[in-house]
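197 is the number of the first residue of the sequence shown in the working numbering; add one for each residue after it.
Cβ coordinates follow ideal geometry from the N, Cα and C atoms, glycine included.
One structure is given here, and the rest of the page talks about it.
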Amino acid sequence: AYYVHVNASKNGIFTAMTSQFRIATGGPYSITLNCPSSSQVGSSLDCNLIILDEGEAATESICSVWVDSDGNSIMDSTEPQSQYSQQTVPQQNLTRAVSINVPSSHPTGNYVTRTSCSYVNSAQPNSTASDSVTFTSAEVPPAEGVVPPAAPRPRTRA
């Protein structure tokens, strides 16, 4: 909040007034990233990004979402990632479906999916959130023309 104090005088009459004001540029913001606990490599990781604009003005946000494959908390060009732009409304939640294509070459195991959102025309710092996910290997369908072995037949008594 800012304060302004004004002193005025005319013909020997003095007056003063103080007023408080804010510059509404959007924010602060609260974000949450909700991903499934597991997903298969070679498919899309589908998550929900929830942004709460706790400020007084609508603003555009740009969010990057990525799988932190190397664990350094920084989005690298080799990591599976997506970027989204959206308009937020003051005092409301915005839920955005986000999808990251995780190639079949990505190693399986436990990873952290992260997001970082910046705000256009706002002095607010970036907001970040994360969620854990376990990547498993995709099930390989049987090769074309290969018939899986038949289950043994139960014996019958005569």
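Check: Can you give me the C-alpha to C-alpha distance between residue 332 and residue 297, rounded to a whole angstrom?; Outcome: 14 Å
Check: Looking at C-alpha atoms only, which residue of 257, 253, 204 and 201 is the closest neighbour of residue 314?; Outcome: 257
Check: Within 10 angstroms of the Cβ of residue 202, are there 16 or more other Cβ atoms? Answer buried if so, exposed if not.; Outcome: exposed
Check: Consult DSSP for residue 259 and reduce its assignment to one of helix, strand or coil.; Outcome: strand
Check: Are there three or more Cβ pairs, one per stretch, closer than 8 Å when the region 284-295 is compared with the region 322-329?; Outcome: no
Check: Is residue 199 buried or exposed, if buried means 16 or more other CB atoms sit within 10 Å of its CB?; Outcome: exposed
Check: Between the region 241-248 and the region 265-274, do three or more beta carbon pairs fall short of 8 Å?; Outcome: no
Check: Determine the burial state of residue 251: buried for a count of at least 16 other Cβ atoms within 10 Å of its Cβ, exposed for fewer.; Outcome: buried
Check: What residue does the beta strand (DSSP E) around residue 316 start on, and which one ends it?; Outcome: Where residue 316 is concerned, there is no enclosing beta strand (DSSP E), given that its DSSP letter is neither H nor E.
Check: For residue 243, which of helix, strand or coil comes out of DSSP?; Outcome: strand
Check: If I follow the unbroken beta strand (DSSP E) through residue 274, where does it start and stop?; Outcome: Element bounds for residue 274: n/a, residue is neither H nor E.
Check: Rounding to the nearest angstrom, what Cα-Cα distance links residue 301 and residue 228 in this structure?; Outcome: 28 Å
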